[in-house]
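1 is the number of the first residue of the sequence shown in my numbering; add one for each residue after it.
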Amino acid sequence: PPAPAPRLRQPLLNPQPGKLPLESIQVVLEELRKNGNLEWLDKNKTSFLIMWKRPEEWGKLIYQWVSKNGLTNSVFTLYELVSGDDTENEEFHGLDEATLLRALQALQQEHKAEIITLDDGRGVKFF
Numbered sequence: 001p002p003a004p005a006p007r008l009r010q011p012l013l014n015p016q017p018g019k020l021p022l023e024s025i026q027v028v029l030e031e032l033r034k035n036g037n038l039e040w041l042d043k044n045k046t047s048f049l050i051m052w053k054r055p056e057e058w059g060k061l062i063y064q065w066v067s068k069n070g071l072t073n074s075v076f077t078l079y080e081l082v083s084g085d086d087t088e089n090e091e092f093h094g095l096d097e098a099t100l101l102r103a104l105q106a107l108q109q110e111h112k113a114e115i116i117t118l119d120d121g122r123g124v125k126f127f
């Protein structure tokens, strides 16, 4: 009979069960950053935000809703956009404010929106 395969004492990529080596974690995080799904929150790269969708993708969804409903040249508060009854069935409903602002900034760069200051906070005008 053939000799049994030698058993490894440690998994090849995982020296400690349940722990991913730091190098591997850094590779994954860098890939997420390159794809636009991760943003470092500090210079030392110890804190980060992982986003399900890139800000541009959220912006596109929001602008599609605005266009589909004939709402260009309209002004909305940030609250109305993510918490209002009109957006209840939209994917961006309930989006956190930081992600919403990133999405609106992406639209602003495309000249499709302008983030404005209103009496009761911030809003956005769509073009």
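Glycine included, every Cβ here is placed at the ideal spot set by N, Cα and C.
In terms of residues, what are the limits of the alpha helix (DSSP H) holding residue i?
i: residue 60; result: 55 to 68
Just list the residues that DSSP pairs residue i with in beta bridges.
i: residue 18; result: Residue 18 pairs with nothing; no bridge assigned.
i: residue 116; result: 123
Give the range of the beta strand (DSSP E) segment to which residue i is assigned.
i: residue 77; result: 75 to 77
i: residue 39; result: 38 to 40
i: residue 48; result: 48 to 50
Given a cut-off of 7 Å on the beta-carbon distance, is the pair residue i and residue j in contact?
i: residue 30; j: residue 61; result: no
i: residue 113; j: residue 104; result: yes
i: residue 107; j: residue 63; result: yes
i: residue 36; j: residue 77; result: no
i: residue 126; j: residue 74; result: yes
Tell me the DSSP secondary structure of residue i in three-state form.
i: residue 104; result: helix
i: residue 95; result: coil
i: residue 110; result: coil
i: residue 87; result: helix
i: residue 125; result: strand
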